[in-house]
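Okay, so here's the structure we're looking at.
Protein chains in written order, with my numbering: chain A, 1 to 112; chain B, 1 to 116.
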């Protein structure tokens, strides 16, 4: 599985947008980009996923670079409840494995 | 609550003892995963079941570790002769096998194991 690189930590002010970057320069054409987040003392939870086009859902937006070598998770208005570790994960949609390979993620701190 | 549940939430044991953890997935989910997470790291994949069949095992799953899902519903993870290095959070996740849609993994709250 291709590797992802994320900043160790980021800070944001409450009610401001947050852009969480992820680099995946060795991504293959069949790799989906997934984002999960882990709130304190909880298991990870799904945020969003995409392949080539930008995606929006009720939690966030995912902007994927044209060459797919990087992506950005966008939280439009950060709240204190968004403080978590955010993981960017690649998984080959054509492989027979369904496991996720997590990195160390980005710890997001939201300031009141 | 129809989410993934894990029991116990916390376990403290002495080195050399055996421990067993249980995971109850979301009822209609036929895929079940075990991950291990140590402090400051992301979860690491251990093993995966589709129904009762164990289809993939990580090299992390040494011969002291065994996982079962006998009836394709709940799963157990047993660690024999625990070592201090086994101290971690053990996470269970489940997902639905539906080729027509995205099958996100739903994670439980985890079992935190401390080996003294």
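Here a beta-carbon is modelled for each residue, glycine too, at the ideal position from N, C-alpha and C.
Treat the numbers as computed from the prediction; the structure is a model and nothing was measured.
C-alpha gap between residue i and residue j, whole angstroms
| i | j | result |
| --- | --- | --- |
| residue 7 of chain B | residue 22 of chain B | 5 angstroms |
| residue 89 of chain A | residue 111 of chain A | 26 angstroms |
| residue 78 of chain B | residue 100 of chain A | 22 angstroms |
| residue 48 of chain B | residue 87 of chain B | 21 angstroms |
| residue 91 of chain B | residue 50 of chain B | 17 angstroms |
| residue 4 of chain A | residue 3 of chain B | 29 angstroms |
| residue 76 of chain A | residue 83 of chain A | 14 angstroms |
| residue 27 of chain B | residue 18 of chain A | 35 angstroms |
| residue 64 of chain A | residue 54 of chain A | 6 angstroms |
| residue 43 of chain B | residue 67 of chain B | 17 angstroms |
| residue 104 of chain A | residue 9 of chain A | 10 angstroms |
| residue 73 of chain B | residue 52 of chain B | 8 angstroms |
| residue 48 of chain A | residue 14 of chain B | 40 angstroms |
Own chain residues within Cβ distance below 7 angstroms of residue i, not counting five before or after
| i | result |
| --- | --- |
| residue 109 of chain B | 6 and 9 |
| residue 46 of chain A | 36 |
| residue 29 of chain B | 94, 95 and 96 |
According to DSSP, residues forming a beta bridge with residue i
| i | result |
| --- | --- |
| residue 48 of chain B | B:33 and B:56 |
| residue 48 of chain A | A:35 |
| residue 121 of chain B | This structure cannot settle anything about residue 121 of chain B, because the visible part of chain B is limited to 1 through 116. |
| residue 114 of chain B | B:12 |
Spatial neighbours of residue i in its chain, beta-carbon cut-off 8 angstroms, leaving aside the 5 residues before and after
| i | result |
| --- | --- |
| residue 44 of chain A | 36, 37, 38, 87 and 102 |
| residue 78 of chain A | 12, 13, 14, 15, 16, 17, 18, 108 and 110 |
| residue 18 of chain B | 78, 79, 80, 81 and 82 |
| residue 11 of chain B | 19, 21, 111, 112, 113 and 114 |
Local Cβ density within 10 Å of residue i, reported as buried at 16 or more and exposed below that
| i | result |
| --- | --- |
| residue 32 of chain B | buried |
| residue 27 of chain A | buried |
| residue 37 of chain B | buried |
| residue 102 of chain B | exposed |
Neighbourhood of residue i by C-beta, 6 angstroms cutoff - its chain only, sequence neighbours within 5 removed
| i | result |
| --- | --- |
| residue 7 of chain A | 106 |
Which runs of the beta strand (DSSP E) fall wholly inside the stretch 46 to 89 of chain A and span at least 3 residues, in chain order? 61 to 64 and 70 to 75
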